[in-house]
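Following this note's numbering from start to finish, the sequence shown increments by one per residue and tops out at 715. See structure below.
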Amino acid sequence: MFIGELSKRTGVSTRGLRYYEEQGLLRPQRRASRYREFEESDVATVRRIRILLAAGLHTDLIREVLPCMADEGAILAPTCEEMAQDLKHERERLSRSIQELQAAHTMLDSIIHAGEPVTARADCNG
């Protein structure tokens, strides 16, 4: 498939797909016409890339991790033992980020709820 079809199937812009290629995350074949030609498996690869980017991994680590990934249903499982330590560090970093976001969420809830009676009184007093 060509880059436009991969873009439609993954929701990633053609510009984004070219960036993934520049970073060594995708390796499409080139036709004599210089058009990129992607395999069906590239759809799953792009999905993996998006998940790993959303998790906050940088492209250098993603480039190392991708060959070690295998689909097991809807779960991505590492198949290379040497990546386990790096992935554990990333998971710990993510856990800290999640905790910080949850604390911010709780604080915002407190502020919003604390301000509700004040806002309601202000509306009544005109």
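Think of the CB as a built atom: it goes at the ideal place given N, C-alpha and C, for glycine as much as any other residue.
Rounding to the nearest angstrom, what Cα-Cα distance links residue i and residue j in this structure?
i              : j              : result
leucine 650    : tyrosine 608   : 15 Å
glutamine 688  : glutamate 610  : 33 Å
alanine 673    : methionine 590 : 33 Å
histidine 678  : glutamate 671  : 13 Å
histidine 694  : glutamate 681  : 20 Å
serine 602     : histidine 702  : 40 Å
arginine 623   : glycine 593    : 15 Å
leucine 697    : valine 635     : 35 Å
arginine 612   : glutamate 653  : Note that residue 612 is glutamine in the sequence shown, not arginine. Going from the Cα of glutamine 612 to the Cα of glutamate 653 covers about 11 Å.
glutamate 705  : methionine 658 : 48 Å
aspartate 631  : arginine 619   : 14 Å
alanine 621    : cysteine 669   : 35 Å
glycine 600    : alanine 633    : 12 Å
isoleucine 700 : alanine 692    : 12 Å
lysine 597     : serine 686     : 31 Å
Check whether the Cβ atoms of residue i and residue j sit closer than 8 Å, and answer yes or no.
i            : j                 : result
leucine 655  : arginine 639      : no
leucine 683  : alanine 643       : no
leucine 615  : threonine 648     : no
leucine 595  : phenylalanine 627 : yes
arginine 604 : proline 617       : no
Per DSSP, residue i is paired with what?
i             : result
glutamine 618 : Glu626
Going by DSSP, what residue range makes up the alpha helix (DSSP H) through residue i?
i           : result
glycine 613 : Note, glycine 613: premise wrong, no alpha helix (DSSP H); not H, not E.
serine 596  : 592-599
Go through the region 624-683 residue by residue and report every complete run of the alpha helix (DSSP H) that reaches 4 residues or more, in order.
630-643, 648-654
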